[in-house]
Every structure is written in C-alpha cells, then in structure tokens.
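Okay, so the sequence shown: first residue is 137 according to my numbering, each after it adds one. Cβ coordinates follow ideal geometry from the N, Cα and C atoms, glycine included.
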Amino acid sequence: MTMRSLSKNVEILPESSEDSLVIRLSETYSERLKLRIEDSPKARAMVLEEMILEIWGEDLCPFCDGVIPEDSRFCIFCGKAIDPFAREYERKQQLLMQEMKEMKEKREMEEMKEKEEMKEKEAER
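Take a look at the structure:
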C-alpha cells in the first residue's frame with residue numbers, strides 16, 4: 137500500500153507531533169472557510185476515519201489499533217508485520233466470544249424467569 141493508491145484529491149499529512157495523521161481535501165483552507173465547512177483537527181480526523189473504513193475495511197492492527205489494508209501484511213501506522221492467519225484466528229475468536237456472550241445473556245434471562253416463577257409459586261402458597 138502506497139500513498140499513490142489514494143485518490144489525487146486527498147492528501148494525508150502529519151499535522152503535529154501529537155496527531156498522527158490528518159486528511160486534507162482538495163479545497164484549500166480558505167475555500168473551506170468560504171463554504172463554512174468545519175475545519176478542526178477533530179472534524180478532519182473523523183473524515184479520515186470514515187475514508188479509511190471505506191477504502192480499507194475494518195481490520196485493526198493488534199499492536200496499535202490502526203487500520204490495516206485488507207491485502208496488506210504490514211500495518212501502515214506502526215509498520216509491524218501482521219500474520220494473515222492471525223487475522224482469521226482473531227475474527228473467529230471474536231465470533232466465538234460474541235456467541236458465548238449471547239448464550240450467557242440467554243441463560244441469565246432464563247434463570248431470572250425461573251426465579252420469578254418460583255417466587256410466584258411461593259406467593260400463591
């Protein structure tokens with residue numbers, strides 16, 4: 137993945153040492169002010185996040201939580217190598233955890249219903 141693969145209208149530039157990346161659209165700052173487009177680091181970061189998700193999907197680096205291109209083996213933020221099999225394993229683990237959470241919630245609901253039924257039976261006696 138190189139910066140050239142992004143569209144010509146978009147540049148990704150460092151804003152400061154604190155902020156990692158900022159998106160700057162083809163309009164200049166003065167043009168955005170004339171159009172009354174909000175131009176703050178937070179707004180630009182949100183646009184960058186939306187753009188990244190559109191282009192690259194939602195794979196996150198296990199080291200820095202940066203977004204990883206689907207076909208890449210390296211995180212574009214921290215540069216660490218990512219094992220493609222680890223991604224699949226991580227996805228399966230997340231699905232398994234979600235299923236376990238749903239089963240636990242279902243079991244808790246059933247237990248609460250049973251307790252309520254027992255209380256009702258005791259109240260009838």
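Phe221 is not bridged by DSSP to any residue. Beta-carbon to beta-carbon, Pro198 and Glu224 are separated by about 13 Å, too far to satisfy the 8 Å threshold.
Taking the Cα positions, Lys249 is about 44 Å away from Ile204.
A direct Cα-to-Cα measurement between Glu235 and Leu196 gives close to 21 Å.
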